[in-house]
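Student:
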Amino acid sequence: MKKTILTAFFGLSLIGFSAQAQVIHKYERFMQDYKWKVGASYNMMDFNFNHSPVPEGASMISGGIPAKVMIGYEFAPNLSFEADFSMNEMEIGNSMNGVVVTGEKISVANFNGSFAYSLGGLFNIPVADPYIKAGIGHLRLNQVDLTMASAGGGINFWIADIPATKSSRYHHDRAYRRIGLNVEAMGRSNISTEGAGSHAQYSAGVFYIF
Numbered sequence: 001m002k003k004t005i006l007t008a009f010f011g012l013s014l015i016g017f018s019a020q021a022q023v024i025h026k027y028e029r030f031m032q033d034y035k036w037k038v039g040a041s042y043n044m045m046d047f048n049f050n051h052s053p054v055p056e057g058a059s060m061i062s063g064g065i066p067a068k069v070m071i072g073y074e075f076a077p078n079l080s081f082e083a084d085f086s087m088n089e090m091e092i093g094n095s096m097n098g099v100v101v102t103g104e105k106i107s108v109a110n111f112n113g114s115f116a117y118s119l120g121g122l123f124n125i126p127v128a129d130p131y132i133k134a135g136i137g138h139l140r141l142n143q144v145d146l147t148m149a150s151a152g153g154g155i156n157f158w159i160a161d162i163p164a165t166k167s168s169r170y171h172h173d174r175a176y177r178r179i180g181l182n183v184e185a186m187g188r189s190n191i192s193t194e195g196a197g198s199h200a201q202y203s204a205g206v207f208y209i210f
């Protein structure tokens with residue numbers, strides 16, 4: 001499953017970059033300057049990405065409510081602050097950081113605050129807008145609270161950069177053109193205590209700017 005997600009991640013990026021010569025520049029997307037962004041995505045978490053060999057039992061989880069929601073604000077050119085929250089659930093028999101889960105299910109709640117820098121904005125790349133991201137957050141495993149450091153990146157795909165979505169300059173700010181697609185991969189490390197908690201999180205979804 002993880003290989004499938006990563007294959008799709010890089011495949012979409014190649015499609016976006018191949019369309020670069022046919023579209024307008026990033027700063028010609030809209031007539032107004034939109035600073036806020038909200039998003040919702042499907043997410044999966046891998047608690048064994050840094051363990052080998054992995055014990056029997058699924059290591060990539062998406063149970064419970066496998067949704068991630070986020071809100072972001074661009075406070076400087078290409079630089080945004082983003083906050084996201086996600087929930088998952090680990091079943092008995094799954095493995096977490098090299099140990100098989102027994103006894104009871106583990107509810108996973110994840111909150112993070114991060115700074116994201118747009119490489120697409122820096123290099124004026126249309127359609128596919130790659131970014132890097134780092135921050136700190138909080139992970140709750142049932143009644144256990146952990147502090148997490150995170151780093152990773154993703155790609156935003158802008159519908160507004162596709163020529164077929166606009167019929168004239170006056171249609172640049174139509175609501176449907178402010179919708180985009182996002183894929184993201186983040187690594188998160190437990191920095192509060194030794195033990196369980198470190199994981200990788202993969203997500204794919206939609207965003208809207210306003």
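Counting in the UniProt record's numbering, the sequence shown runs from 1 upward without gaps.
From the three backbone atoms N, C-alpha and C, an ideal C-beta is built for every residue, glycine too.
Could you check which residue in V99, P130 and A128 has the C-alpha nearest to that of F49?
Tutor: Comparing Cα-Cα distances from F49 to each of V99, P130 and A128, the minimum goes to V99.
Student: On the three-pair Cβ rule with 8 Å, is the stretch 162-172 touching the stretch 132-147?
Tutor: no
Student: Of all the options A116, I125 and Q143, which has the alpha carbon lying nearest to the alpha carbon of Y131?
Tutor: A116
Student: Whole angstroms is fine: what's the gap from N94's alpha carbon to F47's?
Tutor: 10 Å
Student: Which residues does DSSP list as the beta-bridge partners of K133?
Tutor: A116 and G152
Student: I need the DSSP call for Y34, collapsed to helix, strand or coil.
Tutor: coil
Student: Identify, in the order they occur along the chain, each residue of the same chain with its Cβ nearer than 6 Å to the Cβ of E82, setting aside the five sequence neighbours on each side.
Tutor: M70, G72, S114 and A116
Student: What residue from I191, Y34, I61 and A67 has the CA that sits closest to F75's CA?
Tutor: Y34
Student: Using the beta-carbon count (16 or more within 10 Å), is A200 buried or exposed?
Tutor: Looking at its Cβ environment, which holds 16 or more other Cβ atoms inside 10 Å, A200 is buried.
Student: According to the neighbour-count rule (16 or more other Cβ atoms, all chains shown, within 10 Å of its Cβ), is A164 buried or exposed?
Tutor: With fewer than 16 other Cβ atoms within 10 Å, it is exposed.
Student: Do M96 and A196 count as a contact pair if the criterion is CB distance below 8 Å?
Tutor: yes
Student: Which residue comes first and which comes last in the beta strand (DSSP E) that contains I179?
Tutor: I179 to N190
Student: Who are the Cβ neighbours of A134 in its own chain at under 7 Å, not counting the five residues just before and after it?
Tutor: S114, F115, S150 and A151
Student: Whole angstroms is fine: what's the gap from residue 212's alpha carbon to A109's?
Tutor: Residue 212 lies beyond the range of the chain shown here (1 to 210); nothing can be said about it.
Student: Do T147 and S192 come within 8 Å of each other at the CB atom, strictly closer than that value?
Tutor: yes
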